[in-house]
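Sequential numbering from 7 applies to the sequence shown in the numbering used here. The C-beta atom is built at its ideal place from N, Cα and C for all residues, glycine as well. On a predicted model such as this, the values are computed, not experimentally measured, just so you know.
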Amino acid sequence: MGLLGRREPNWATWSRLRHRDAPDGMVHWLRDRGSLTARLKAASKDSFRVNVLRQGWDRPLYSEARLLGMRRGGIAIIREVELICDGVPWVFARTLIPVRSLTGATRRLSLLGERPLGEVLFADPTMQRGVTQMARLLPGHSLFITATQHLSPTKVIWGRRTLFHLAKKPLLVNEIFLPDIPENDK
């Protein structure tokens, strides 16, 4: 159960990230507030697909549970996917949906299959985007290990996580940018 080691990076908002400046080529990915799915589709000329790695009930990392307002020991549906562009994984995404968020129309989030979550979120008029935090992930961090387990060894990757509300119900989306993502997609 859970991520190996469960060691976490230091997540921070953009304004507090100064002491760990992101590489220039990563800044536009980290700070973008639009749909990452739409942006990846455009950058890969629609050669885009979702590869579901796992989905099931599990315990969030400590900081994830805190951000979601969950009690200690609470569980959530955790969905981990690779976003594949031009046949290559560009992003590892980890979505957490607490039990209390899976009521009413939001139950459909547990049935996405290979459909991108971004398409659902950004098409829903009740969606509200909350806080976004960024982090540099290193080989000892559990998200780094999970995100890169099928890739060639690398030393550092960058990610962001955003708290969304759909019909006023929280969910957390981690987007970890993998080494093959182009620095300039425009």
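**Request:** Quick one: using the 10 Å Cβ neighbour count with 16 as the cut-off for buried, is Gly-119 buried or exposed?
**Result:** exposed
**Message:** Which same chain residues end up closer than 7 Å to Asp-52 when comparing Cβ atoms and leaving out the 5 residues on each side of it in sequence?
**Reply:** none
**Item:** As assigned by DSSP and simplified to three states, the class of Trp-96
**Value:** strand
**Request:** Quickly, what does DSSP pair Asp-64 with across the bridge? List them, please.
**Result:** Ala-82
**Prompt:** In the DSSP assignment, what are the bridge partners of Thr-101?
**Reply:** Arg-85 and Val-179
**Cross-strand partners of His-171 (DSSP beta bridge)** = Gln-134 and Pro-176
**Message:** Going by DSSP in three states, Leu-10 sits in which element: helix, strand or coil?
**Reply:** Low confidence applies here, because Leu-10 scores a pLDDT of 46, under 50, leaving its location unreliable; read the following figure in that light. Coil at Leu-10, not helix or strand.
**Ser-107 burial status per 10 Å Cβ neighbour count (16 or more: buried)** = buried
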